[in-house]
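In the numbering used here, the protein residues as written are 1 to 51.
Every residue, glycine too, gets a C-beta built ideally from N, C-alpha and C.
Heads up, the thing below is written out as structure tokens.
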């Protein structure tokens, strides 16, 4: 598993934890934001798509 995939799993687990009682939250938008963030993040000094 790539480091970026591990990071995305951690963020998704946090979203589930944070929103589990709040039916008003827009989880899909938060998940997409997490995916966008991970894709733009540089892990270990290189873009995620170069891992």
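{"Check": "Integer Cβ distance of residue 34 from residue 13, believed to fall under 8 Å", "Outcome": "About 10 Å; that fails the 8 Å criterion."}
{"Check": "Rounded Cβ spacing between residue 31 and residue 15 (contact assumed at less than 8 Å)", "Outcome": "6 Å"}
{"Check": "Endpoints, the alpha helix (DSSP H) within which residue 52 is located", "Outcome": "This structure does not reach residue 52, given that the chain is present from 1 up to 51, and the question cannot be answered."}
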